[in-house]
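Novice: So the sequences go chain by chain: A and B. The opening residue of the first sequence carries number 0 in numbering that gives the first Met the number 0; numbering runs sequentially from there. The opening residue of the second sequence carries number 0 in numbering that gives the first Met the number 0; numbering runs sequentially from there.
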Amino acid sequence: MTATIADAPAKVGAVPTFTVTLRVARHLPGDDGTAVTRWDDFQLQVHGTDRVLDALHKIKWEQDGSLTFRRSCAHGICGSDAMRINGRNRLACKTLLKDLDPSKPITVEPIKGLPVIKDLVVDMEPFFASYREIMPFLITTGNEPTKERLQSAEQRARFDDTTKCILCASCTSSCPVFWTDGQYFGPAAIVNAHRFIFDSRDEGAAQRLEILNDKEGVWRCRTTFNCTEACPRGIEVTKAIQEVKRAMITRAF
Amino acid sequence: MQTHQYDVVIVGAGGAGMRAALESSTRVRTAVISKLYPTRSHTGAAQGGMCAALANVEEDNWEWHTFDTVKGGDYLVDQDAAEIMAKEAIDAVLDLEKMGLPFNRTPEGRIDQRRFGGHTRNHGEAAVRRACYAADRTGHMILQTLYQQCVKNDVEFFNEFYVLDLLVDHDLAAGHVPEGEEVNVSGVVAYELATGEIHVFQAKAVVFATGGAGKIFKTTSNAHTLTGDGMALAYRRGIPLEDMEFFQFHPTGLAGLGILLSEAARGEGGILRNGEGERFMERYAPTIKDLAPRDIVARSMANEVREGRGAGPNKDYVLLDLTHLEPAHIDAKLPDITEFARTYLGIEPYTEPVPVYPTAHYAMGGIPTNVAGEVLRNETDVIKGLYAAGEVACVSVHGSNRLGTNSLLDINVFGKRAGRSAAAYAAEAAFVEIPANPAATVEAELETIRTRPDGERVADIRKALQETMDANAQVFRTEESLTQALADVKALQKRFQAVSVQDKSRTFNTDLLEAVELGFLLDIAETVVVGALNRKESRGGHFREDYPKRDDEGYMRHTMAYRRPVPSEGRQWSAGGDGDAEGSFHRVETFDDYQLVLGSKSVAMTRYQPMERKY
């Protein structure tokens, strides 16, 4: 179980190799509707540049083909592989094994607050349903311009941070309020509302604020900052939520 | 098994698929089937920009853009299509802005534009600022914006459904269709990942927008899910694949990992240096240097390494130098890619150059279409009701080498066109009857793999495939290397017959789907390799060391690869059918139970006659 940096002196330029144990939360549904849940330990040899996703692939491809997780782009852009790694939400493809403590087993679990389908795969539908509810699209009135709408660099910068969202659910599924209250919109939906509320071209802010003024809206946020810490895109999620709250009171956006 | 009926079924929910859906869903009943949640699609990984001659920051026009596209593609571009793309680019960008896409802005508040490889002013005089962008996450913004519009328009999605068969009334892979007879689409068969259930979608029109096939290579910027599904499904039904030998290797992949670092890094002033610190592109492309088209830069880099001027302990990469740029400028224009360097290589781009090496990036070839997005089944005839757009298609605006930013443009222009064409067709057409057991073949294949107790591992075959493709069919190719690749692919096709999976369940069985995807990869690889073997010239992304010159006399034609049955004793594929009877495109490769028959298609030339390609 202990990690050992390979004893032999590494060749110049060679990437160091070490052993890690991945402790993975399994959830294996049978075809009869029942499911087996357990922890599985996998030992494997990895390289210094390997990410948790590489380790999961190594397990799936060499040890246990039934280990199930989502992934696609493998470099932090598509948002498929959010999971709980050593108790924190991260993208498996952006988490280098060498940055975790390899002397202890690395625990990997599905993100919390959404129903588990199999192993690390959760049902994303409730998450996307909240997203859709905040009207995540540009709302304008009047005739369409023939050329582009003008927007100053400052106006564009106002909502830049929240345009980075990849809908991975790391933030929402790290939120203690969301864990206990599945009705709460959650940070990701609010981030995407923020993206339009503060876009100078948009005219739907009042409608969105009305939706988020709901008892399951922004006021459920307890500013624990879990979401900000969890965001793999570095979005200041809690700050965005605070800005939406402030806009609700001041009606300034 | 469930059955559904829609006027239009769109397969794939990346940029092209969703752009098509926005057109189609407002006109006729439309479903989008995607093996991923739409926002996971690889359009989101595109970084640098989308070109359009808006002339917001300097003089520009669509004719220059057309010329650059044609020259960039080494004249194998269909010029009518390129002209349409360059003209409609302007509206495509404005459409996106009106949908809410947050472009970077000029001081006047207009859409900002920057330089990009191969895009020039006045037919090659100097680099021009043509790429509209949103930092280095333009693709992300396009994908998000299109998805937002789909939410707004209530587009109906079937997420995590894998399309595994295309239903047509004549299976061309089974033999010839009688002269004058139509071939019609009737729908698709899909597999629902969550439950393992089979769904049959009857449709008047089907649009393929399934993206690329980069996973045939080991070093690639492509997602794990880019396995050439749409191309392989078409090919298996005897629909030709066009120009598959042309694969783009993007110059700046993170060394050893293949993760893309946008050409925008060079557009913003980044410089490539070899191990000796030399700006080597000055030798290969004296006029536009580091902003030469990707095929030229990738080859130059590989050549530096090959001749011993690489950087690093093993001298196996070159360096992308951004250290002379202001950190604030890097943060504003290139935030994501500099973070990739930090995260994955522990390199600080403010102060250290970033190790880079070419990475398999984009399939120029694909399912042949005309400019309306209709799929061709030979040089002239279309398959009624079948459309394709984006990387899965070959229209052909990229010829033998795509210019940077033209893929984001392609998906918007031809996604829109395919969506409109499909909807217009479906509004008039009737449903074509589907066969009695439409899913029988797919179900049998899946069950065989799923229940086979022991056999070849998916990962082993896939690794062997990717390794031979990287070693033998990459930036530099020869008769010998390609012959080796073909022998390997044939052997792997045989091994694939015995593939088995460990996961035997029906719920979310990704093990099984990886096996299916491997089958697609093998089919795509054979078309790439056979096309490359046959093309005894060097053009764009296809470089033959044994034939280093472009040969317009022999090869100024598109390759068409057809899957056909092995003919009975003493007979062979002949003229008039599919495939050329003689000449440089006459080639038949026999596999276990089918043949790959090569043919060709003429290149549409309008304004520009082929010239030597210099930068």
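Every residue, glycine too, gets a C-beta built ideally from N, C-alpha and C. The model shown is predicted, which means the values in this text are computed figures rather than measured ones.
Is the beta carbon of B:Ile-448 less than 9 Å from the beta carbon of B:Val-353?
Specialist: Taking the second sequence and counting its residues from 1, the one referred to as residue 448 of chain B is at position 449. Taking the second sequence and counting its residues from 1, the one referred to as residue 353 of chain B is at position 354. Not closer than 9 Å, so no.
Novice: Could you tell me the distance, in whole angstroms, from the CA atom of B:Gln-496 to the CA atom of B:Val-457?
Specialist: Numbered from its first residue, the second sequence carries residue 496 of chain B at position 497. Numbered from its first residue, the second sequence carries residue 457 of chain B at position 458. Cα to Cα, B:Gln-496 sits roughly 11 Å from B:Val-457.
Novice: In its own chain, which residues sit with a C-beta less than 7 Å from the C-beta of A:Ala-2, not counting the 5 before and 5 after it?
Specialist: Counting from one through the first sequence, the residue named residue 2 of chain A turns up at place 3. Here the model assigns A:Ala-2 a pLDDT of 42, short of 50, so the residue's position is not dependable and the matter cannot be decided.
Novice: Could you tell me whether any Cβ in chain B is nearer than 9 Å to the Cβ of A:Gly-185?
Specialist: Here residue 185 of chain A is taken as the residue at index 186 of the first sequence, counted from 1. The Cβ of A:Gly-185 sits no closer than 9 Å to any Cβ of chain B.
Novice: Secondary structure at A:Ile-196, three-state DSSP: helix, strand or coil?
Specialist: Position 197 of the first sequence, counted from the start, is the residue given in the question as residue 196 of chain A. The answer is helix: DSSP assigns A:Ile-196 an H, G or I state.
Novice: Leaving out five residues on either side along the sequence, give the residues of the same chain with a beta carbon under 8 Å from the beta carbon of B:Ser-220.
Specialist: On the second sequence, position 221 is the one that residue 220 of chain B refers to. Cβ neighbours of B:Ser-220 beyond the five flanking positions: Ala-44, Gly-213, His-249, Gly-252, Gly-257, Ile-258, Leu-259, Thr-358, Ala-359, His-360.
Novice: Residues of chain A with CB under 8 Å from B:Leu-679, in chain order?
Specialist: This structure does not reach residue 679 of chain B, given that chain B is present from 0 up to 614, and the question cannot be answered.
Novice: Please determine whether the Cβ atom of B:Tyr-361 lies at a distance below 8 Å from any heavy atom of the ligand HEM.
Specialist: In the structure on display, the ligand HEM does not appear, and there are no ligands present to speak of.
Novice: Is the region 225 to 243 of chain A touching the region 160 to 176 of chain A, taking contact as three or more C-beta pairs under 8 Å?
Specialist: yes
Novice: Within 9 Å (strictly less), CB to CB, does A:Asp-160 reach chain B?
Specialist: Here residue 160 of chain A refers to the residue found at position 161 of the first sequence. Not an interface residue.
Novice: In terms of DSSP beta bridges, what is B:Asp-320 paired with?
Specialist: Within the second sequence, numbered from 1, the residue matching residue 320 of chain B stands at position 321. Answer is B:Ile-270, bridged to B:Asp-320.
Novice: Helix, strand or coil for B:Ser-261? Go by DSSP, reduced to three states.
Specialist: The residue you call residue 261 of chain B lines up with position 262 of the second sequence. B:Ser-261: coil per DSSP, three-state reduction.
Novice: Counting along the chain, where does the beta strand (DSSP E) carrying B:Leu-165 start and finish?
Specialist: Position 166 of the second sequence holds residue 165 of chain B. For B:Leu-165, the uninterrupted beta strand (DSSP E) run begins and ends at 160 to 167, by DSSP.
Novice: Quick one: give me the first and last residue of the beta strand (DSSP E) that B:Ser-599 is part of.
Specialist: As a position in the second sequence, residue 599 of chain B is number 600, starting the count at 1. Residues 594 to 601.
Novice: Measure how close the beta-carbons of B:Ala-15 and B:Ala-388 come, nearest whole angstrom, since I'm counting them as under 8 Å.
Specialist: Within the second sequence, numbered from 1, the residue matching residue 15 of chain B stands at position 16. Within the second sequence, numbered from 1, the residue matching residue 388 of chain B stands at position 389. The Cβ separation is near 4 Å, so the contact holds.
Novice: Answer with yes or no whether the minimum CB distance from A:Gly-64 to chain B is below 9 Å.
Specialist: In the first sequence, the residue the question calls residue 64 of chain A occupies position 65. Yes, A:Gly-64 counts as interfacial toward chain B.
Novice: Report the rounded CA-to-CA distance for B:Gln-112 versus B:Trp-61, giving the unit in angstroms.
Specialist: As a position in the second sequence, residue 112 of chain B is number 113, starting the count at 1. As a position in the second sequence, residue 61 of chain B is number 62, starting the count at 1. About 15 Å.
Novice: Interface residues of chain B around A:Trp-60 at Cβ under 9 Å?
Specialist: Along the first sequence, read from residue 1 onward, the residue named residue 60 of chain A stands at position 61. What A:Trp-60 touches in chain B: Arg-456, Val-457, Ala-458, Asp-459, Arg-461, Lys-462, Glu-513.
Novice: Checking 9 Å against the spacing of the C-beta atoms, do A:Glu-202 and A:Ile-138 come in under that value?
Specialist: Locating residue 202 of chain A in the first sequence gives position 203, where the first residue counts as 1. Locating residue 138 of chain A in the first sequence gives position 139, where the first residue counts as 1. Here A:Glu-202 is near A:Ile-138, since their CB atoms are less than 9 Å apart.
Novice: Output, in chain order, the set of chain A residues within a Cβ distance shorter than 9 Å of B:Asp-510.
Specialist: Indexing the second sequence from 1 puts residue 510 of chain B at position 511. Lys-59, Gly-64, Ser-65, Leu-66, Thr-67, listed in chain order.
Novice: Give me the chain A residues within the contact set of B:Gln-112, using Cβ-Cβ distance strictly less than 9 Å, ordered along the chain.
Specialist: In the second sequence, counting from the first residue as 1, residue 112 of chain B sits at position 113. By Cβ distance, chain A contributes nothing, its closest Cβ being about 12 Å from B:Gln-112, past 9 Å.
Novice: Show which residues of chain B have a CB atom less than 7 Å away from the CB atom of A:His-74.
Specialist: The sequence position of residue 74 of chain A within the first sequence is 75, counting from 1. Residues of chain B passing the Cβ test: Ile-258, Phe-339.
Novice: Of all the CB atoms in chain B, is at least one closer than 9 Å to the CB of A:Ala-152?
Specialist: By 1-based counting over the first sequence, the position of residue 152 of chain A is 153. Yes, A:Ala-152 lies at the interface with chain B (some Cβ there is under 9 Å from its Cβ).
Novice: If B:Gly-47 and B:Thr-404 are in contact, beta carbons under 8 Å, what's the gap, nearest whole angstrom?
Specialist: The count along the second sequence starts at 1 and reaches residue 47 of chain B at position 48. The count along the second sequence starts at 1 and reaches residue 404 of chain B at position 405. Going by Cβ atoms, the distance from B:Gly-47 to B:Thr-404 rounds to 6 Å, so yes, they are a contact pair.
Novice: With a cut-off of 8 Å on the beta carbons, I'd call B:Gly-237 and B:Arg-586 a contact; round off their distance for me.
Specialist: Locating residue 237 of chain B in the second sequence gives position 238, where the first residue counts as 1. Locating residue 586 of chain B in the second sequence gives position 587, where the first residue counts as 1. At roughly 17 Å, the Cβ-Cβ gap does not stay under 8 Å, so B:Gly-237 and B:Arg-586 are not in contact.
Novice: Can you find the residues in the same chain that come closer than 6 Å, C-beta to C-beta, to B:Asn-232, ignoring five residues on each side of it along the sequence?
Specialist: Within the second sequence, the letter at position 233 stands for residue 232 of chain B. Note that residue 232 of chain B is Leu in the sequence shown here, rather than Asn. Counting only Cβ-Cβ distances below 6 Å, and skipping sequence neighbours, we find Leu-165.
Novice: Could you name the residues of the same chain whose beta carbon sits closer than 7 Å to that of A:His-74, not counting the 5 residues immediately before and after it, in chain order?
Specialist: In the first sequence, the residue the question calls residue 74 of chain A occupies position 75. Counting only Cβ-Cβ distances below 7 Å, and skipping sequence neighbours, we find Cys-92.
Novice: Using three-state DSSP, classify B:Val-355 as helix, strand or coil.
Specialist: In the second sequence, counting from the first residue as 1, residue 355 of chain B sits at position 356. B:Val-355 falls in the strand class under three-state DSSP.
Novice: Take every Cβ of the region 518 to 530 of chain B, pair it with every Cβ of the region 76 to 92 of chain A, and state whether three or more of those distances are shorter than 8 Å.
Specialist: no
Novice: Under 9 Å, do B:Ala-531 and B:Leu-491 count as touching if we go by C-beta distance?
Specialist: By one-based count along the second sequence, residue 531 of chain B stands at place 532. By one-based count along the second sequence, residue 491 of chain B stands at place 492. No. Outside cutoff.
Novice: Do you know whose CA, among B:Asp-228, B:Val-167, B:Glu-373, lies nearest B:Val-182's CA?
Specialist: If you number the second sequence from 1, residue 182 of chain B lands on position 183. Closest option to B:Val-182, Cα to Cα, is B:Val-167.
Novice: Do A:Leu-113 and A:Arg-50 come within 9 Å of each other at the CB atom, strictly closer than that value?
Specialist: Mapped onto the first sequence, residue 50 of chain A falls at position 51. Mapped onto the first sequence, residue 113 of chain A falls at position 114. Taking 9 Å as the Cβ cut-off, A:Arg-50 and A:Leu-113 do not qualify as a contacting pair.
Novice: Please name the residues in the region 480 to 502 of chain B whose beta-carbon is closer than 7 Å to at least one beta-carbon of chain A, in chain order.
Specialist: Val-500, Gln-501, Asp-502
Novice: Give the DSSP-derived three-state secondary structure of B:Arg-451 in the structure shown.
Specialist: By one-based count along the second sequence, residue 451 of chain B stands at place 452. Coil.
Novice: Could you check which residue in B:Arg-278, B:Val-529, B:Phe-507 has the C-alpha nearest to that of B:Val-596?
Specialist: Here the question's residue 596 of chain B lines up with position 597 in the second sequence. Ranked by how close their Cα comes to the Cα of B:Val-596, the residues B:Arg-278, B:Val-529, B:Phe-507 have B:Val-529 in first place.
Novice: Which whole-angstrom value describes the C-beta separation of B:His-397 and B:Gly-210, a residue pair presumed to lie in contact below a C-beta threshold of 8 Å?
Specialist: In the second sequence, residue 397 of chain B corresponds to position 398, counting from 1. In the second sequence, residue 210 of chain B corresponds to position 211, counting from 1. Not confirmed; about 14 Å, so no contact.
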